[in-house]
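Just remember that our numbering sits 20 ahead of the position in the sequence shown, which is counted from 1. Written out below as structure tokens is the structure these notes cover.
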Amino acid sequence: MQIHTTIESLRAARKTAGRVAFVPTMGNLHEGHITLMRQAGEKADAVIASIFVNRLQFGPREDFNSYPRTLAADCEKLEAAGVAHLFAPDEGVMYPEPQHYHVDPAPAQISILEGEFRPGHFRGVATVVLKLLNIVQPDLALFGKKDYQQLMVLRNMVHQLAIPVEVMPGETVRAEDGLALSSRNGYLSPEERAEAPRLYRQLLRICEAVRRGDHDFLKLETEAVAELAAHGWKPDYIAVRRRADLQPPVHADDPLVVLAAAKLGRTRLIDNIEI
Ligand code: PAF
């Protein structure tokens, strides 16, 4: 695997790489990322991954400084997964001057769910992803469904700005007890790690109830919030939404997803299940 720290070097390599699938990440790679890399490899001549912890998408009180940075271990995993090129710029390469131009996603898409609790987050994500897409110019870009709203925002950005890239989603990878893999799981104490799968179990409970025909979403959401709170969680939201735009369901046949975000101790976890 070739490691590129400059835009020029990455661009030169991309020119001869054929059909390219791109997997942007913030590093601290786990099996969820590696599954995306393998999926990418099946669709292209070469996989380009990126590792860049993007300051623009973190709020002032969020974990930018403490976000795990594990480049050497990440490189080994990428190499083993057959990734051809890694773009690992530092901040001076991505943001050599203050970033004055930004992508502002549609307010309806970012005033809800994660956007309500993380103001500015999706603006930062969309801006860096557009910049990365301009640098890499891939044919295909892969994003995990664990960040469901991020996937929706980025799909819409690609569509509305006519960016010539195909967006491909990757399924969430879970630990044996159901916890969705996430770099932030590393923040959990052993007790919190044992408690953490309750979030997934609550989503599963809602999913099964809806599939059985219970469409009292508010009751299901309220029960799940209460159950988590009773076990020491601080839920931000648990919501049954339409898959397409993450707005509340209107028609009986709307394809649905149930999404949640909750804090366990100091760690904020998110998860979702398509119903
Ligand atoms: O999902 C992530 O890891 C990040 O939000 C992304 C897409 C790499 C942008 O920084």
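Ideal placement from N, C-alpha and C gives every residue a C-beta, glycine not left out.
Going by the DSSP bridge assignment, what does residue i pair with across the sheet?
i	result
THR45	ILE71
ASN176	Answer is none; ASN176 lacks a bridge partner.
LYS254	LYS283
PRO116	Looking at the DSSP assignment, PRO116 forms no beta bridge with any residue, so it has no partner.
LEU106	ILE23, ALA69
Rounded to whole angstroms, what's the CA-CA distance from residue i to residue j? Just pull it up for me.
i	j	result
ILE183	ASP159	10 Å
VAL145	GLY135	11 Å
ALA104	GLY47	16 Å
LEU162	LYS97	17 Å
PRO127	ARG175	15 Å
ILE290	ALA66	31 Å
ALA37	SER203	29 Å
PRO139	GLY79	7 Å
LEU240	VAL230	9 Å
GLN119	ALA250	43 Å
ASP94	ASP110	16 Å
ALA244	ARG34	47 Å
PHE142	LYS254	22 Å
Any idea what DSSP makes of residue i, helix, strand or coil?
i	result
GLN22	strand
PHE163	strand
LEU240	helix
LEU208	coil
ASN292	strand
GLU111	helix
ALA325	What the structure shows of the chain is the stretch from 21 to 295, and residue 325 is not part of that stretch, so it cannot be assessed.
VAL62	According to the sequence shown, residue 62 is Glu rather than Val. DSSP places GLU62 in helix when its eight states are reduced to three.
PRO189	strand
ALA259	strand
VAL277	strand
VAL270	coil
VAL123	coil
>> Does the region 164 to 178 come into contact with the region 257 to 267, if we say contact requires no fewer than three beta-carbon pairs (one atom in each stretch) closer than 8 Å?
In response: Touching, per the Cβ criterion.
> Between the region 112 to 131 and the region 268 to 284, are three or more C-beta pairs nearer than 8 Å?
Replying inline: Counting Cβ pairs under 8 Å, fewer than three are found: no touch.
> Touch check for the region 25 to 32 and the region 44 to 62: three-plus C-beta pairs under 8 Å?
Replying inline: Because the criterion of three Cβ pairs below 8 Å is not met, the region 25 to 32 and the region 44 to 62 do not touch.
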